[in-house]
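This report refers to the structure that appears directly beneath it.
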Amino acid sequence: MPGFDVQQFRQQFAFFQHHPDWVYLDNAATMHKPQAVVQAELEFYQISNSNVHRGAHQLSQQATALFEQARSSIASYLNAARVHEVIFTSGATAALNQIAFGLMHTLLQPGDRILLTQLEHHANIVPWQLHCQRHGVIIDVVPLTPDHSLDLQAYQDLLALGPKVVSFSHISNVLGHIQPVAQMVALAKAAGAVTVIDGAQGVVYQQPDMQQLDCDFYVFSGHKLYGPTGIGVLYGKTSALQLLTPLLGGGEMIEQVSFVNTTFNKLPFRLEAGTPNIAGAVGLAAAIHWLQKFNNKQLQQHKAELLREFYQGLSHIKAVDILSSPVHNAGIVALNVDTEHPADVAVLLNQQQVAVRAGQHCAMPLFSSLQLPGAVRFSFAAYNTLDDVNRSLLALEQAIEILTA
Ligand SMILES: Cc1ncc(COP(=O)(O)O)c(C=O)c1O
1 MPGFDVQQFR
11 QQFAFFQHHP
21 DWVYLDNAAT
31 MHKPQAVVQA
41 ELEFYQISNS
51 NVHRGAHQLS
61 QQATALFEQA
71 RSSIASYLNA
81 ARVHEVIFTS
91 GATAALNQIA
101 FGLMHTLLQP
111 GDRILLTQLE
121 HHANIVPWQL
131 HCQRHGVIID
141 VVPLTPDHSL
151 DLQAYQDLLA
161 LGPKVVSFSH
171 ISNVLGHIQP
181 VAQMVALAKA
191 AGAVTVIDGA
201 QGVVYQQPDM
211 QQLDCDFYVF
221 SGHKLYGPTG
231 IGVLYGKTSA
241 LQLLTPLLGG
251 GEMIEQVSFV
261 NTTFNKLPFR
271 LEAGTPNIAG
281 AVGLAAAIHW
291 LQKFNNKQLQ
301 QHKAELLREF
311 YQGLSHIKAV
321 DILSSPVHNA
331 GIVALNVDTE
341 HPADVAVLLN
351 QQQVAVRAGQ
361 HCAMPLFSSL
371 QLPGAVRFSF
381 AAYNTLDDVN
391 RSLLALEQAI
401 EILTA
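Reminder that position 145 of the sequence shown reads as 145 in UniProt numbering, one-by-one numbering, no gaps.
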């Protein structure tokens with residue numbers, strides 16, 4: 001098999017032709033889109049635009065076919081047992097809100113427990129909290145070890161309390177650490193819990209196999225998988241989806257409506273109220289088709305090489321405190337410079353056209369536990385180059401020189 005050619009890969013992203021002077025290392029926030037995705041959305045609007053599932057006309061039937069083909073492509077990418085196990089949402093946040101709301105009205109009773117971890121994104125904390133407080137459900141939290149990994153012994157101890165739901169991220173959006181999800185799912189299932197995986201950062205690292213992983217739910221956003229914004233996926237096993245009370249009511253998700261009662265449509269429509277993001281679904285399927293032309297192992301090896309070089313460079317820079325471990329890392333490095341505020345470091349990097357994110361990265365409980373105001377986050381993608389690594393290291397040195405002068 002030919003080696004991975006990063007320049008050829010990068011050329012497929014028009015963004016970099018428009019911004020040749022920028023080093024983009026904010027991929028954990030959102031990724032750029034290859035031309036194949038831009039073209040698929042454009043063509044949908046130019047050629048195929050109509051509403052889905054409701055038109056008597058042929059144009060609507062064609063749009064419906066494209067939308068449902070997109071669902072099938074995603075189901076097959078995830079190795080879902082059934083196509084209706086893929087529910088389209090606006091993103092990971094919407095999917096987690098649907099799961100939390102849906103289970104709170106069926107599975108969870110006052111006094112029940114759910115288990116989260118210390119490093120969750122707010123999207124996997126707040127939706128639970130919104131309902132837990134009102135319904136008297138208790139949230140337990142898996143702490144971290146001193147090297148910022150999940151404390152798996154504490155995880156097992158907390159599972160012994162019998163949580164009804166366990167929800168955790170596949171990859172930390174702050175640290176980049178890859179969680180041992182297969183082991184965590186197996187342990188949670190043995191404890192009788194419903195398992196939810198926040199795959200927002202995980203889906204681009206590894207093609208997740210739902211039947212092998214055997215989790216109940218896995219969610220992600222299209223825009224972190226080279227796809228469009230405003231589209232995401234709530235994967236659920238059929239039995240798990242049946243536990244969910246719909247969060248949104250409206251057209252499409254119903255079977256019969258009267259002012260006395262409503263009966264719901266079958267899956268997946270029961271959980272997709274209103275007109276969906278049709279072009280977004282088509283764009284996400286295009287992203288997946290495009291991605292499948294590459295060997296994911298090669299993409300991850302390239303990212304690992306960038307990470308190795310970045311860590312190597314950091315080891316020569318004084319005053320840097322690295323929060324992320326280089327092992328089991330999917331390509332994200334969070335760090336601080338002495339006692340400088342992360343926002344100040346990011347401003348100086350921005351002035352040198354290096355795009356990173358600074359702050360608490362929607363993970364305030366993580367930073368509270370670390371007793372830090374935040375961190376600067378460098379997140380790599382397969383289209384980044386060794387030149388990006390070198391330029392970001394130089395820019396960081398320059399920023400440190402200015403801040404500590
Ligand atoms: C781990 C994790 N979960 C959830 C989300 C929320 O994703 P979105 O804002 O696309 O809904 C993010 C976004 O950064 C994330 O990194």
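For glycine and all other residues, C-beta sits at the position ideal for the given N, C-alpha and C.
Taking the continuous beta strand (DSSP E) assigned at residue i, which residues delimit it?
i	result
Arg377	375 to 379
Gln256	254 to 257
Phe264	262 to 264
Should residue i be listed as close to ligand 1, given that the test is whether its C-beta is under 7 angstroms from any heavy atom?
i	result
Asp198	yes
Ala281	no
His121	yes
His148	no
Thr195	no
Asn124	yes
Gln201	yes
Gly230	no
His223	yes
Gly91	yes
Ser169	yes
Cys215	no
Within 10 Å of its beta-carbon, does residue i have 16 or more other beta-carbons around it, so buried, or fewer, so exposed?
i	result
Gly222	buried
residue 432	The shown model of the chain, from 1 to 405, leaves out residue 432, and the question about it has no answer.
Glu255	exposed
Asp198	buried
Asn277	buried
Asp216	buried
Lys33	buried
Ala45	In the sequence as displayed, the identity of residue 45 is Tyr instead of Ala. By the 10 Å Cβ count, Tyr45 comes out exposed.
Phe294	exposed
Gln98	buried
Pro127	buried
Glu401	exposed
Met364	exposed
Asn49	exposed
Pro2	exposed
Distance cutoff 8 angstroms, beta carbons only. Does residue i sit that close to anything in chain B?
i	result
Cys362	Among the chains of the structure shown, chain B does not appear; only one protein chain is present.
What are the boundary residues of the alpha helix (DSSP H) that includes residue i?
i	result
Asn296	296 to 314
Gln8	6 to 10
Leu234	No alpha helix (DSSP H) holds Leu234; the beta strand (DSSP E) holding it covers 232 to 236.
If we ignore side chains and look at the alpha-carbon of each, how far apart do residue i and residue j end up?
i	j	result
Arg377	Val354	11 angstroms
Ala281	Leu25	26 angstroms
Ala273	Glu252	6 angstroms
Gly232	Ala92	6 angstroms
His19	His148	35 angstroms
Glu68	Gln212	24 angstroms
Gly331	Ile288	20 angstroms
Leu152	Asp214	19 angstroms
Tyr226	Arg10	12 angstroms
Any heavy atom of ligand 3 closer than 7 angstroms to the Cβ of residue i?
i	result
Ala29	In the structure shown, ligand 3 is absent; the only ligands present are ligand 1.
Inset, instruction - Any chance you could list the beta strand (DSSP E) runs of at least 3 consecutive residues sitting entirely within the region 323 to 380, in chain order? - result: Those beta strand (DSSP E) runs which fall completely within the region 323 to 380 and span 3+ residues are 332 to 337, 357 to 359, 375 to 379.
Inset, instruction - Please go through the region 60 to 141 and give each complete alpha helix (DSSP H) segment of 4 or more residues, from N-terminal end onward. - result: 92 to 104, 126 to 135
Legend entry - Residue ranges of each beta strand (DSSP E) within the region 165 to 228, 3 or longer: 165 to 169, 194 to 198, 217 to 221
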